[in-house]
Structures are given as structure tokens and as C-alpha cells.
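Asks: Here's a structure for you.
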Amino acid sequence: MIVNESGGIPNRLFFRLFQTGNILQRQVQNEMGISAVQWAVLGALSREGFEDGTSFNQLKEYLYVSRQNLDGVLKRMERDGHVVRIPDPQDRRARLVVLTESGRTFWNRLQDTIAEFYRQAMQGMSFDDGVSLLHLLKKLQHELIDISLESNIPGE
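If you want it as C-alpha cells, here you go:
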């Protein structure tokens, strides 16, 4: 990939990703009344096999969010009755995050809205465009995870 002094394609790509993430956050809040992280938590906990919950750390790693961000979101979701944190039967020191029946009902009620959100967001893309974008974003995620700049930081 060619990079000129202003960053070229990589700079534009990462700026577009930044903008897209911010637009997603704003639109989810405006159209669904929840944050994108709340949406992700509901989706993660509603997956098959997660009926008994998951650990805080597993959820944090799955969503790629900070401990502080997830803790604040879970506190709001607990207040709203969508999740509870219960002792882990395997390790009483640990706690599991579990979707409540109220949370599952809320998630199920959102499904038509989510489907319409997806439809409108992707209406300008073909099926093949969507598959290509999904593939490319997955490749980018793997590359981002492997970044290590320790030896390249100026002034250190």
C-alpha cells in the first residue's frame, strides 16, 4: 500500500473507520435508545450456549472493550433489569454476567428494529460487497491485534 507524507490510503481508511464507528454509536443511540455497547452485550449474552452467562473477562475480551467501559454499561443494564451478575458456581470468587428474562424479552423486541437498521445501513451494498467487507474487516482485526510498536515509539 502506498503511503505519502499525509498518510495516504491508510490514513484515510483509519479515519473512515473512526467516523463509521462514531456514526454507528450515534445512530444506535438515536434509533434504538441504547448504546452500541449495550446492543453488543445483549447480542453476546443472547447467543446459544450463553444461557447460564459468561465471565466479565470473557465478555470484555469478546467485545474488545475496556474494563471500565464494560463495568459502567453493565451497571446501567443491571439498573434497567436486563442483566445480573451472579456468583460463578465453579469459582465463588468470580461472577458471571447473565441476561435476565426481562433482558431477553427486550432483546427479542429489538430484533425487527435491528433487521431494519441493518437493511437501511447496507442498502447500497450488494451481497458480495457485504461478504467482501466482512472478510476485509476480519483481516484488519487480526493485523491490529498483532501490532507491537514498542521499538518504534519516537523519543523512547
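Anchor point for the sequence shown: position 105 equals 105 in UniProt numbering, and the numbering is continuous, going up by one each time.
Each residue gets a CB set at the ideal place from its N, CA and C atoms; glycine is no exception.
All figures in this text were calculated on a predicted structure; none of them were measured in a lab.
For Y118 and L24, what's the separation of their Cα atoms in angstroms?
Replies: Distance between the alpha carbons of Y118 and L24 is about 11 angstroms.
Asks: With H, G and I counted as helix, E and B as strand and the rest as coil, what does DSSP make of R85?
Replies: Of the three classes helix, strand and coil, the one that applies to R85 here is strand, per DSSP.
Asks: According to DSSP, T54 sits in a beta bridge with which residue or residues?
Replies: T54 is bridged to V97.
Asks: If you count every other CB in all the chains shown that lies within 10 Å of the CB of V131, and 16 or more means buried, which is it?
Replies: Flag for V131 reads exposed.
Asks: Of the residues V98, K75, E48 and V28, which one's Cα is nearest the Cα of S55?
Replies: S55 has its Cα closest to that of V98, out of V98, K75, E48 and V28.
Asks: Can you list, in chain order, the residues of its chain with a C-beta nearer than 7 angstroms to that of I34? Leave out the 5 residues immediately preceding and following it.
Replies: Result list for I34: V28, in chain order.
Asks: Cβ atoms of S46 and R104: under 8 angstroms apart, would you say?
Replies: Taking 8 angstroms as the Cβ cut-off, R104 and S46 qualify as a contacting pair.
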